[in-house]
Amino acid sequence: MRFAAPRTPSPKPHRPKRVTLTPKATGSQHIPVVAKGKGRSSSQWRERSRSTYGLYSDSDSDEFDPPEEAADEEELNKSQRRTTGAFSAARDTDEEEEDGLYTTDDTSPEDEDSSWSEADEYSYASSEDEDGNKARANSSVAGPSRALASPAQRRQLEDDVAAIRLHTRHHDPYEEWEKQTRREAFKAARKERHDSHQQLSSTLVKSRAVFVQNQTARLTQEATAIRKHLDQVRDRTQADNVRLQATWNERERIMVDRVERSIKEAEEKVRKRVEEERKRVEEEKRKEDEERKKEEEERKKQVEKRRKEQEQQAQEAKERMEAEEKKKVAEIETKKKEEEEEKIKKLHENTKAITGFESARDDWVSARTTLKELKEGPIKRLKSHPEMKKIWGKYRRMITPKIGQLTNDAQSIQRIMQDVKDIVVVQPPHPPTLYAALLSSLAKAILLQAETEITASPISAVPLAKVTTRLLLEVPQFADIFYARILHRAGGWFIPAAVPSQDIDGKPWGSTEALAKAHGRRENGAESGLEMMTRVAGIMRLYWEIVKCFADPNVVGAVVQDRWSQVDARYVFGRTWVWFSRLTTRVDMLKEPIAAELISVGLSVIGTQAKAVYGRQWVKLLELLYRGVTQGVPSPDGSGTMFTIGGASPEGKAAKVRVQLEIERVMSS
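First residue of the sequence shown: 1, per the UniProt record's numbering; consecutive thereafter.
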């Protein structure tokens with residue numbers, strides 16, 4: 001690289017004036033004019049740029065134009081080719097010396113390659129001369145001829161060669177100063193460049209360290225953020241997995257349920273189809289069987305019809321004969337029965353005159369008549385009269401809670417009895433219809449309390465019996481209605497007597513329900529035997545407690561003394577023997593489990609007092625009952641068959657055990 005001259009003017013050393021040789025023109029030969037040093041033509045001399053210490057070269061300047069300079073050099077080379085070969089050797093020697101002057105140790109190879117020197121110009125010209133015939137062929141001017149004989153021309157040439165040699169060997173101080181200035185500028189530039197490079201390298205290292213530190217911190221922060229984000233993503237992923245797993249399990253469960261439901265529905269459809277097919281086959285088979293049976297029955301009917309016709313004819317003849325005989329026998333039996341009924345009637349009259357008790361049939365008819373008159377009379381009229389029915393309902397709702405509030409103490413018994421009496425017996429008195437209906441409601445409330453409370457707690461029968469006893473003595477007509485209500489709730493077991501096949505009016509019972517009610521059953525026959533046995537046992541316990549109260553002077557002593565004529569014989573202590581003796585004669589009733597249960601209830605309430613009253617006769621009766629519940633007794637119809645009281649059912653067996661225990665208790669008292 002060549003450095004340009006300083007831009008500011010610098011002191012110029014003294015330079016000697018150069019010798020200018022102007023050759024003479026000889027024909028077409030042209031001798032170049034050497035001027036401005038180093039044998040350059042004026043066209044080849046380049047103007048030096050003014051720069052300070054040579055920091056910028058010509059190649060770096062905008063004014064530098066290598067192609068044009070190369071063109072000038074080409075013109076110069078063409079003109080020099082016309083000289084003789086003698087000048088080439090001398091010029092080559094001078095150029096080598098000048099190359100040593102312009103070559104410095106501080107110049108880098110890149111600067112040497114890119115710089116332009118005068119020696120290069122001359123070397124270029126000589127190299128062109130060495131090309132030989134090519135240079136001479138291309139030149140339009142012929143070289144000097146060895147046949148020159150003119151002394152003047154020789155002198156001219158010699159002078160030219162001497163001038164050229166002088167020029168090549170000339171030492172220029174300015175150029176030396178310029179070269180030295182360039183070297184120093186180059187060294188200063190290299191030092192400045194080295195320092196700036198080191199400073200830049202240090203700055204780069206520090207910047208690199210800061211950058212690496214910042215980048216490390218940033219990357220660490222980013223890594224922390226990424227790990228945190230990954231943790232969040234992992235948590236969300238786990239939560240999503242749990243949710244998706246739960247959703248999947250739920251969907252799988254729903255799918256399994258749906259599949260199982262579909263399978264069940266399909267199985268149900270198949271089962272229904274199979275069942276329908278089975279029913280259809282059975283129906284066809286049944287129809288076939290019915291048709292076959294119908295045909296057989298029709299055939300049998302025809303045969304039977306013919307047979308019956310024959311038998312009927314024979315039977316009619318036989319019946320005529322038997323009718324005549326039966327008529328005779330019936331007349332004899334009717335006459336005999338009338339005589340027996342007359343005897344029984346007289347016996348009952350005599351018994352009633354002696355003991356004061358009716359027969360079982362008479363007691364049942366009397367109670368049934370009272371009950372029927374009560375239902376078809378006052379109660380029926382009240383139900384058809386809305387205003388009276390409303391009054392009846394109001395008093396009935398007043399009676400029922402009073403019975404439920406009863407407790408086993410004297411004050412409570414007296415208070416409840418007086419409250420109930422004040423409701424029924426008022427001044428002025430109730431109309432007869434309403435009065436009879438109120439007595440019926442009072443009896444029903446007492447019996448319902450006995451069916452529920454006494455069954456659960458037998459001791460509760462005592463206060464209820466005391467209140468009932470006082471009401472039977474002090475409330476007119478209550479004894480008959482209460483007796484009829486007991487018959488309605490307990491049936492024939494209260495008397496005891498078997499329910500006849502006809503009602504008191506001589507007509508058959510209107511329906512099975514009516515017959516069941518007459519036997520003491522409830523709820524259209526839906527009541528079980530055990531339920532009926534428990535309910536009737538509660539009623540009979542109340543009845544025996546009433547009978548016991550009538551025999552206790554502490555309960556009704558003063559009242560009985562004042563109103564002995566008003567006491568009904570159906571509530572006195574003598575009913576004990578009547579009830580037990582009647583029951584022992586009814587074999588059909590003794591075989592029922594309820595018979596054993598009612599016997600145990602009677603013995604538990606009044607057995608000890610009966611033993612004290614009847615003595616040895618009561619012991620015999622207990623002995624008969626004991627054998628009846630343990631070993632069995634013969635039937636009183638004379639057939640010789642044995643039967644046990646209470647039957648063989650589980651309820652009957654339990655009741656028989658209770659009878660046995662009560663008999664043992666009474667006998668040991």
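Note that beta-carbon positions come from the ideal geometry of N, C-alpha and C, so glycine has one too.
Quantities reported herein were computed from a predicted structural model and do not represent experimental measurements.
- Secondary structure of V572 (DSSP, three-state): coil.
- By the C-beta density criterion, G538 is buried, having at least 16 other C-beta atoms within 10 angstroms.
- For Q502, the three-state secondary structure derived from DSSP is strand.
- Contact holds between the region 391–411 and the region 429–447, because three or more Cβ pairs, one in each stretch, are under 8 Å apart.
- In this structure the region 606–626 lies against the region 568–578, because at least three pairs of beta carbons, one per stretch, are closer than 8 Å.
- Taking C-beta atoms under 8 Å as the contact rule, G520 and A490 qualify, at a distance of about 5 Å.
- In terms of CA proximity to S384, L434 leads the group L434, E319, R627.
- Annotated three-state conformation of V475 is coil, per DSSP.
- For D172, no alpha helix (DSSP H) run applies, since DSSP gives it neither H nor E.
- Closest option to T630, judged by alpha-carbon separation, among V270, V659, A239, K326: V659.
- DSSP, reduced to helix, strand and coil, places V633 within a strand of the structure shown.
- For the 8 Å CB-CB criterion, V547 and L471 do not form a contact.
- In the DSSP assignment, S384 falls outside any alpha helix (DSSP H) and carries neither an H nor an E.
- A distance below 6 Å between beta-carbons, with the five flanking residues on each side excluded, links T455 to the following residues of its chain, in chain order: T534, G538.
- S669 is the residue among E662, S669, T181, H194 whose C-alpha sits nearest the C-alpha of A612.
- At a Cβ-Cβ threshold of 8 Å, E662 and L603 count as neighbours.
- For E527, there is no enclosing alpha helix (DSSP H), as DSSP marks it with neither H nor E.
- The C-alpha of Q477 lies about 41 Å from the C-alpha of S649.
- Straight-line measurement puts the Cα of V365 at about 10 Å from the Cα of D505.
- Straight-line measurement puts the Cα of Q213 at about 38 Å from the Cα of K187.
- Judged by their CB atoms, E531 and A461 are not nearer to each other than the 8 Å cut-off.
- Where I663 is concerned, the enclosing alpha helix (DSSP H) starts and stops at 650–668.
- Around L542, the same chain offers I446, L447, A450, I454, A461, L464, A465, T468 as residues with beta carbons nearer than 8 Å, after the five sequence neighbours per side are excluded.
- Distance from the CA of H229 to the CA of N241, rounded to the nearest whole angstrom, comes to 18 Å.
- Within the same chain, Cβ atoms closer than 8 Å to the Cβ of V572 are found at V547, F550, A551, the five residues on either side in sequence being excluded.
- Taking C-beta atoms as the reference points, A516 and L374 fail to come closer than 8 Å.
- Here V536 is actually not in contact with I459; their C-beta atoms are around 19 Å apart, not less than 8 Å.
- Under the DSSP definition of a beta bridge, P508 partners with Q502.
- Its chain contains I416 as the residues whose beta carbon lies nearer than 7 Å to that of Q405, once the 5 sequence neighbours on both sides are disregarded; these appear in chain order.
- Our two residues, E311 and E331, have alpha carbons roughly 28 Å apart in a direct line.
- Sequence-distant partners of F494 (beyond 5 residues in either direction) whose C-beta falls short of 6 Å from its own C-beta, in its chain, are I486, L487.
- Residue burial annotation: T644 is buried, with at least 16 other C-beta atoms found within 10 angstroms of its C-beta.
- In this structure V475 touches V424 by the C-beta definition: roughly 6 Å separates them, less than 8 Å.
- K656 is classed as buried because its beta carbon has at least 16 other beta carbons within 10 Å across all chains shown.
- Between D195 and Q232, the alpha-carbon positions lie close to 53 Å from each other.
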